[in-house]
């Protein structure tokens, strides 16, 4: 197809639209750059940390090379060459003050490694790699843990540059010389935490549907003036700080709190048997349902608004009772709103942090609280990144499953 | 059918009033009786109360006062789903999440009719509106006219005795609308269903109905067959609302032998038929004359009738007819219509003519 001047029509059209496209790009460029710099790149680098593991290989290059010839399962200590390489590496590392960081890294895998590297560093510093050979016995003299096969096994196992170790840790397993193995029983907490996060998010989503549906229906069917007032009440929580609302729930639910006081006062609950409603799963569910409710109501409302009231009238004129008309006609038409609200609430709650942190106690915390712990307290960023990646994958899988079952086209946000 | 008596009345409104806010009446004192099998149209401008009447009959609004009866029993306290009235909605209200066949099957399912029976009835209803091949489609896949047919079939599939239609053709283009008007009336008469049809389109009302109830201001202004309504409007509202109409204002001088002599505001005299009860000597009146009944060819006017001077303002050629705008007795919007025939002169703007009419075509109505 050719345009009037003989150039191909496609080319001609592209030229005509180029200016428009450039203008559109220029309009979104500030946000695009902002998001790229402040969000996508950091998150990408964070996710990379879940597999990145250069520390051992970079700090102890010679040792790692020598350890390749050593079989960890032989149950014999490495030979002199490894110890010599180790001393050479350590002297450089100590000069650069990197040996403590290495200790911290290896401590994630085996407790005691941190103090081992910190304490022995001072003494290894005094050895001269050129003159003081042989080193094997001297190093074991400095700390007898260096005479332990397991210490070297840990160094060798975690010397690979790209590791699956963090992901194995994230699902309660560990990387060992024999391959991936389950963690000891008392260390398996993360899978349970993932399960709890999923189940509680489902419960929160379900309660939001039950509580939000009638409100959304009312909003969509009231007169505009009344509906506006109701809408303000629905949006009111949005205008209050999240922290304030969560703290308010603490005041309400605690054992000396408002609800318990009222229950005791009217005699439903004995004073010495006050209900435990906070610092557990119940508290988290109540507070999060309240906080996330608007995210359920708004999409439901906007879908319900588009349902023509004459559908219900038509159903009734054909002989359907109120219930049949609702269940066979209105409800199926409102499902896209429920779907949109549910996705929103579920995905928000699965990664929620502040509320479970404040009202969740130990039994009501989510996986995100664990991630925060590894980011800010244990400083095991690799594990935090692995947990975050798994969370992201779970959300994407659920989204995909929802698309397969319900169809993402059925989701309407307005 | 016009002479419905109480004995064969099927639908009855007796002294029905409706108010939404407790301050103003939307429907004021409605009385109406319909025999079985009649096609009655409620016609009126928006806000005249016609749709409210329909909704009260369907059961979606309750009458504030008065009695609505169906087949002799009062239905004031019967919920809509037990009234057994078929209804076609303005926007069709076809359920978008169901196929056409499921839509039609819905009223039968809620009546707990068996599957094989249901399928037979759905098929028959679809064939009736010539949509037999569309059972598996969704409403959104059909054109407006096709949706309209399905809505009709759905209202008829459970064989109701009474069908209500609320401006069902409003969303269709002109050609399709005319075709559907014809189909709906045919179907209604074939099946012998009683139909109440609401519209604000007077052509639709005139072409489809056995009787038309003209609504204004919450009251029925006139309830008559279409020809009576057009030719013998009882008051100025009906005369203005139905068809095109010319109005001249004046005062009644005298009434002789059933003819009123009216002096127009510019002093000229005309003969009229006194229609409205308020037409008495000395009273002000508004006379109404249809554009096609005005004659300007002197040879065709009767001897001795009063004529008026007129000046041609505009001549519009419309194919089958000529539409000419005149200035008559101070009224610049006086329209006459003449058939496009070989012997008819085409008037020119500025031309001075004399116009007249038969006294029985000129009706003196309320001022």
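Residue numbers (the numbering used here), protein chains in the order written: chain A, 1 to 414; chain B, 1001 to 1367.
For every residue, glycine included, the Cβ atom is placed at its ideal position computed from N, Cα and C.
- Query: Rounded C-beta distance between residue 154 of chain A and residue 110 of chain A? I'm assuming under 8 Å.
  - Reply: With 8 Å as the limit, residue 154 of chain A and residue 110 of chain A qualify as a contact, their Cβ atoms being about 5 Å apart.
- So what does residue 1065 of chain B bridge to, in DSSP terms? Looking at the DSSP assignment, residue 1065 of chain B forms a beta bridge with B/1017.
- Range of the contiguous alpha helix (DSSP H) that encloses residue 1221 of chain B: That residue, residue 1221 of chain B, is in no alpha helix (DSSP H); its beta strand (DSSP E) goes 1219 to 1224.
- Message: Rounded to the nearest angstrom, what separates residue 288 of chain A and residue 82 of chain A at their Cα positions?
- Response: The C-alpha of residue 288 of chain A lies about 55 Å from the C-alpha of residue 82 of chain A.
- Message: Looking only at its chain, what residues have a beta carbon closer than 6 Å to the beta carbon of residue 1032 of chain B, apart from the 5 residues adjacent to it on each side?
- Response: Within the same chain, Cβ atoms closer than 6 Å to the Cβ of residue 1032 of chain B are found at 1013, the five residues on either side in sequence being excluded.
- Which listed residue (B/1087, B/1010 and B/1231) has its alpha carbon closest to that of residue 1165 of chain B: The shortest C-alpha separation from residue 1165 of chain B is found at B/1087.
- Taking residue 308 of chain A as the query, report the chain B residues whose CB atoms sit under 7 Å from its CB, ordered along the chain. In chain order: 1091 and 1093.
- Leaving out five residues on either side along the sequence, give the residues of the same chain with a beta carbon under 8 Å from the beta carbon of residue 1095 of chain B. Around residue 1095 of chain B: 1102, 1103, 1106 and 1139.
- Query: Which residues in the same chain as residue 150 of chain A place their Cβ atom closer than 8 Å to its Cβ, once the five residues preceding and following it in sequence are excluded?
  - Reply: Its chain contains 110 as the residues whose beta carbon lies nearer than 8 Å to that of residue 150 of chain A, once the 5 sequence neighbours on both sides are disregarded; these appear in chain order.
- Return yes when the Cβ of residue 1353 of chain B is within less than 7 Å of the Cβ of residue 974 of chain B, no when it is not. The structure shown has nothing for residue 974 of chain B, since chain B only spans 1001 to 1367.
- Message: Considering only the alpha carbon of each residue, which of B/1232, B/1205 and B/1111 lies closest to residue 1289 of chain B?
- Response: Comparing Cα-Cα distances from residue 1289 of chain B to each of B/1232, B/1205 and B/1111, the minimum goes to B/1232.
- Query: Looking only at DSSP bridge pairs, what is residue 1252 of chain B linked to?
  - Reply: Looking at the DSSP assignment, residue 1252 of chain B forms a beta bridge with B/1262.
- Task: Below 8 Å CB to CB, which residues in the same chain sit around residue 416 of chain A once its five sequence neighbours on both sides are set aside?
- Result: Because chain A spans 1 through 414 in this model, residue 416 of chain A falls outside it and cannot be assessed.
- Query: Name the chain B residues whose beta carbon is nearer than 7 Å to that of residue 334 of chain A?
  - Reply: Annotation: residue 334 of chain A has no Cβ neighbours in chain B at a cutoff of 7 Å; minimum Cβ distance is about 10 Å.
- Message: Within 10 Å of its beta-carbon, does residue 1186 of chain B have 16 or more other beta-carbons around it, so buried, or fewer, so exposed?
- Response: Residue 1186 of chain B comes out exposed.
- Message: Can you confirm whether residue 1134 of chain B, when its beta carbon is compared against all beta carbons of chain A, has any partner nearer than 7 Å?
- Response: No, its Cβ sits nowhere closer than 7 Å to a Cβ of chain A.
- Cutoff 7 Å; reference residue 157 of chain A; Cβ partners in own chain excluding five residues on either side: The answer, listed in chain order, is 175, 176 and 177.
- Task: Identify the contact partners of residue 320 of chain A in chain B, using a Cβ-Cβ distance below 7 Å as the criterion.
- Result: Simply 1081 and 1110.
- Query: How is residue 1356 of chain B classed by DSSP in three states: helix, strand or coil?
  - Reply: In this structure, residue 1356 of chain B counts as strand in the three-state DSSP scheme.
- Do the segment 360 to 374 of chain A and the segment 231 to 250 of chain A meet, that is, are 3 or more Cβ pairs less than 8 Å apart? Fewer than three Cβ pairs drawn from the segment 360 to 374 of chain A and the segment 231 to 250 of chain A lie within less than 8 Å of each other, which leaves the two stretches out of contact.
- Query: Using a C-beta to C-beta distance shorter than 9 Å, which residues of chain A count as neighbours of residue 1097 of chain B?
  - Reply: Within 9 Å Cβ-Cβ: 329, 332, 333 and 335.
- Message: I'd like to know whether the C-beta atoms of residue 380 of chain A and residue 108 of chain A end up nearer to each other than 7 Å.
- Response: Yes, the pair counts as a contact, with Cβ atoms nearer than the cut-off.
- Task: Tell me, please, whether the segment 389 to 399 of chain A touches the segment 274 to 283 of chain A by the rule of three or more beta-carbon pairs shorter than 8 Å.
- Result: With the cut-off at 8 Å, the segment 389 to 399 of chain A and the segment 274 to 283 of chain A do not touch.
- Contacting residues, own chain, Cβ-Cβ under 8 Å from residue 385 of chain A (five flanking each side not counted): 46, 47, 48, 49, 50 and 166, listed in sequence order.
- Can you find a C-beta in chain B that's less than 7 Å from the C-beta of residue 314 of chain A? At least one CB of chain B lies nearer than 7 Å to the CB of residue 314 of chain A.
- Message: For a contact defined as C-beta to C-beta under 8 Å, what are the partners of residue 355 of chain A on chain B?
- Response: Residues of chain B whose Cβ lies closer than 8 Å to the Cβ of residue 355 of chain A do not exist, since the nearest Cβ in that chain is about 37 Å away.
- Task: Please check if any C-beta of chain A sits within less than 7 Å of the C-beta of residue 1010 of chain B.
- Result: False, the Cβ-Cβ gap to chain A never drops below 7 Å.
- Query: Span of the alpha helix (DSSP H) holding residue 304 of chain A?
  - Reply: Counting along the chain, the alpha helix (DSSP H) containing residue 304 of chain A begins and ends at 281 to 305.
- List the endpoints of the continuous alpha helix (DSSP H) containing residue 1128 of chain B. Per DSSP, residue 1128 of chain B belongs to the alpha helix (DSSP H) from 1115 to 1128.
- Quick one, are the C-beta atoms of residue 446 of chain A and residue 117 of chain A less than 7 Å apart? As displayed, chain A neither begins before 1 nor continues past 414, which places residue 446 of chain A out of reach and without an answer.
- Hey, does residue 1168 of chain B have any beta-carbon neighbour from chain A nearer than 7 Å? By this cut-off, residue 1168 of chain B is not an interface position.
- At 7 Å on the CB atoms, spell out the chain B contacts of residue 324 of chain A, in chain order. Within chain B, the residues near residue 324 of chain A are 1110.
- Message: If you follow the beta strand (DSSP E) that residue 180 of chain A is in, where does it begin and where does it stop?
- Response: Its beta strand (DSSP E) spans residues 179 to 182.
- Starting from the Cα of residue 1351 of chain B, find the closest Cα among B/1059, B/1161, B/1044 and B/1328 and give me that residue. Among B/1059, B/1161, B/1044 and B/1328, the Cα nearest to that of residue 1351 of chain B is on B/1328.
- Taking 7 Å as the CB-CB limit, is residue 311 of chain A close to chain B? Chain B, which has a Cβ nearer than 7 Å to the Cβ of residue 311 of chain A, makes this yes.
- Message: To the nearest angstrom, how far is the alpha carbon of residue 1011 of chain B from that of residue 1025 of chain B?
- Response: So the two alpha carbons sit approximately 22 Å from each other.
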